[in-house]
Structure formats: structure tokens, C-alpha cells
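The numbering used here applies: residue 1 is where the sequence shown begins, and numbers increase by one. Yeah, the Cβ is synthetic: ideal placement off N, Cα and C, and Gly gets one too.
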Amino acid sequence: MTSCYLTIDDSPSSHTDEMIDYLVDKKIPALLFVRGDLLEGNLAPIIRAIKNGFVIGNHSYAHKPFGEYTYEQAIDDIEKCDRIIDKTYEQANVKRPGKYFRFPYLDRGDGDRIERYFETVSDVDISMDEKVQKIQTYLHENDFTQPFKTNHPLYKNKSIASAVDCLMTYTSFDWMLTDRHIGKWNCNNIDDLKHRLDQSDMKKFNGNITIFHDQEETLNTFKSLIDHMIIKEYKFLDFQ
Ligand SMILES: [Zn+2]
């Protein structure tokens, strides 16, 4: 049985409640990386997710590529989202279990959107320029940690193993089926995404870290892919 962590980016959306109900029904744990700008006026679905045992991570306030920020702007953006997450946990009356951060597009501050090719590069050596390094130091000094325990081969790479931000080993590309993207990439329907998953290296390893999305158009794709993973006997791991 192959094991993986389910992480979901860009919450909340108008479908978050339905997505949480689906996951509760299937007994699947997940970590939701929230956008501060979307959460700010819509705490309720994330309070509900927390009360149902889901873990919340910081996915920045404005969801901009961090390569476009100065160091100071980057920290402001992280902290602005983090204050809203604290408030959400307070209102849920649940102790925040830890602080986790994922960069939008996995742009860690140098303009490289590694989300789109990261998993395919087994000997990837992700850059650590001065700004990237400074943000990593900030995250470390402000108690951000990794929620994953994994021996996945990608994590044998020193630059990945030492990262304080949350990376991944498999992205579902569920966003490729949204109106904005459909027809522009190599997966055009749900069968393409399932096929890609079946052909991936995931079955070879345990502790895979998967990325899905909670956006206005991704719920049906999400459910179809998770249903498919259940059929293929993936085991979904708990965090911490
Ligand atoms: Zn995102």
C-alpha cells in the first residue's frame, strides 16, 4: 500500500464545506494551505474544517509569486496571513498544532515557479540565493516547521531536506481542467489526470506529498482523483 500526505492549496472557496464533508466521509486527513485574502472575510468554512480535525497552513496573504517581493514585503505578506490563521484557530477554540508555510506557485523568492517541474527532477538542486535563504531563516526563527515525516527520495537532497517551507513530491495538476487553463497544457480531462497519476513514481515510494486545490472549479476533479486513489489503495497519512 502506497502512503501519501494530502495537501490542498488556495482555500477557502465556496466549495470548502462540501470538500470537507467528502473527506470526513472517507476518513481522509488533509492539510489546507489557506490564502489570507480569501480567508479574511470568510472564516466559517475554515473554522469548521479545524473543528473537524483538519490542519491549516499559511499560503501567504495575497498569493503572489514571492520573486516579485522584496524581503520585507515577503515577511509582511506571510505575517498578515498568519494573524488571520491565529484568529481562525481562536474562534474554532482549538489550539493551533504548528506553523506551516507553502509559497504560492512554490516560488520561494527567486522567481522560479518550481511547482510545475519539481517532482520530475530527481536530482533537483533548488536555489538558495540570498533572499530565499533569508526567508528560510525567518521561517525557522518564527517556529515554522515541516508537517511531514518522509523518506521520499526527493528528501535525500540536502536543499530539500533542509527546507522550512512545505514542498511536495506530486502535484495533481487539477488546475489544468479549469476554464482558464483547459487546452493549454498536456492534461485535458479527468482520464488524462488519472493516467498521469497511474504512470507516476508514486507507487514506488511511501511518504509522497501530494498537492490538490480548493478553487471555485476544482471540486469535481478533486473528488474524482481522490476516488481513483482510494480504488488504487493509497493510504492517506496523518500530520505531525
Ligand atoms: Zn496556490
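Please state the DSSP three-state secondary structure of Thr171. strand
Considering only the beta carbon of each residue, do Thr145 and Tyr89 sit closer than 8 Å? no
Should Pro104 be listed as close to ligand 1, given that the test is whether its C-beta is under 7 Å from any heavy atom? yes
On the premise that Phe239 lies in contact with Pro29, defined as a C-beta separation below 8 Å, what is that separation, rounded to the nearest angstrom? 7 Å
For the beta strand (DSSP E) that contains His213, what are its first and last residues? Asn208 to His213
Close beta carbons around Asp129, own chain, < 8 Å, minus the five adjacent residues each side: Gly109 and Asp110
Taking Cβ to Cβ, would you say Asp214 is nearer than 8 Å to Leu193? no
Determine, using beta carbons only, whether Phe241 and Cys4 come nearer to each other than 8 Å. What is shown of the chain runs 1 to 240, which leaves residue 241 out entirely.
So, at 6 Å on beta carbons, what are the nonlocal neighbours of Gly36 in its own chain, with the 5 sequence-adjacent residues on each side left out? Tyr61, Lys80, Cys81 and Ile84
Our contact map puts Gly57 next to Leu31 with C-beta atoms below 8 Å; I'd like the distance itself, whole angstroms only. About 5 Å separates the two Cβ atoms, so the contact holds.
Endpoints, alpha helix (DSSP H) assigned at Ile230: Leu219 to Ile231
In angstroms, rounded to a whole number, what distance separates the CA positions of Glu246 and Lys203? This structure cannot speak to residue 246, because the chain is shown only from 1 to 240.
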